[in-house]
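Peer 1: One structure is given below, represented as structure tokens, and several questions about it will come after.
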Ligand code: HEM
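In the working numbering, the protein residues as written are 18 to 200.
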């Protein structure tokens with residue numbers, strides 16, 4: 018049973034990571050023209066919101082399977098308090114970063130749901146925590162993950178981060194990619 022839970026935790030984590038990357042990409046594309054050759058802005062906004070229905074259950078499966086898996090020795094409290102788990106060989110940092118990422122994810126998701134009640138500037142600053150959160154997930158996955166020790170998966174993940182950073186830099190520089198107008 019623990020083996021099934023472990024496989025579920027890994028599969029869900031891997032999928033969650035790349036769905037979160039897609040969420041970041043579509044989020045950045047809302048105020049830029051990155052995806053203009055592919056889709057209208059309204060569709061990009063819809064996809065960005067729709068992806069929530071994928072990453073939320075994937076994250077829930079990842080952490081629930083780890084808590085239920087007796088071998089991983091993760092308790093519900095470890096989902097709330099970072100750096101409690103210490104099974105040696107750097108596990109404290111590796112798993113602790115997962116908890117930090119989870120807390121940030123909950124904050125970002127909750128404030129997104131409450132956006133209409135918040136000052137726009139406050140909401141925007143909280144939403145920007147998505148960028149460090151994603152980097153935290155990547156380091157967490159690289160340090161804690163089994164599948165991330167495979168060079169192909171690791172390369173795909175770092176290349177994904179590289180692509181997102183490049184887009185974020187273009188955006189920060191005020192650049193707006195030109196694209197074919199959507200049909
Ligand atoms: C919000 C969300 C989280 C995301 C997106 C996430 C993502 C990931 C990813 C991508 C991996 C690598 C999977 C692999 O290579 O096998 C991983 C592994 C792992 N995560 Fe998370 N994580 C999250 C939260 C947490 C939390 C809160 C904990 C525990 C407190 C945790 C504990 C672990 C452990 C122990 C592994 C290693 C599993 C293995 O043996 O391969 N994660 N996580």
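Beta carbons are placed, not taken as given, at the ideal position from N, Cα and C, and that holds for glycine.
Going by the C-beta, is residue 40 closer than 7 Å to any heavy atom of the ligand HEM?
Peer 2: For the ligand HEM, not one heavy atom lies less than 7 Å from the Cβ of residue 40.
Peer 1: Taking the alpha-carbon of residue 97 as reference, which of 88, 123, 79 and 176 has the nearest alpha-carbon?
Peer 2: Ranking the options by Cα distance to residue 97, first place goes to 123.
Peer 1: Should residue 154 go down as buried or exposed, given a rule of 16 or more other Cβ atoms within 10 Å for buried?
Peer 2: So residue 154 counts as buried.
Peer 1: By the three-class DSSP mapping on this structure, what secondary structure does residue 45 have?
Peer 2: Helix.
Peer 1: How big is the Cα-Cα spacing for residue 39 and residue 90?
Peer 2: Roughly 31 Å separates the two Cα atoms.
Peer 1: For residue 167, report the span of its alpha helix (DSSP H) as first-last.
Peer 2: That residue, residue 167, is in no alpha helix (DSSP H); it is neither H nor E in DSSP.
Peer 1: Closest to residue 99 by C-alpha separation, out of 44, 83 and 117, would be which residue?
Peer 2: With distances taken between Cα atoms, residue 99 lies closest to 117.
Peer 1: Is the distance from the Cβ of residue 75 to the Cβ of residue 36 below 8 Å?
Peer 2: Their beta carbons are under 8 Å apart, which means residue 75 touches residue 36 by this criterion.
Peer 1: Less than 8 Å between C-beta atoms, sequence neighbours within five positions excluded: which residues of the same chain meet that for residue 132?
Peer 2: 140, listed in sequence order.
Peer 1: What distance in whole Å lies between the Cβ atoms of residue 34 and residue 161, which are believed to be in contact at a cut-off of 8 Å?
Peer 2: The Cβ separation is near 12 Å, so there is no contact.
Peer 1: For residue 188, which residues of its own chain have a beta-carbon under 7 Å away from its beta-carbon, when the five flanking residues on both sides are left out?
Peer 2: Cβ within range, chain order: 45 and 49.
Peer 1: Can you determine whether any heavy atom of the ligand HEM sits closer than 7 Å to the C-beta of residue 71, and answer yes or no?
Peer 2: Residue 71: no, Cβ never under 7 Å from the ligand HEM.
Peer 1: Alpha helix (DSSP H) containing residue 141: first to last residue?
Peer 2: From DSSP, the alpha helix (DSSP H) with residue 141 extends over 137 to 144.
Peer 1: Answer yes or no: the CB of residue 162 versus the heavy atoms of the ligand HEM, is any distance below 7 Å?
Peer 2: Correct: residue 162 has its Cβ closer than 7 Å to the ligand HEM.
Peer 1: According to DSSP, is residue 98 part of a helix, a strand, or is it coil?
Peer 2: Here residue 98 sits in coil by DSSP.
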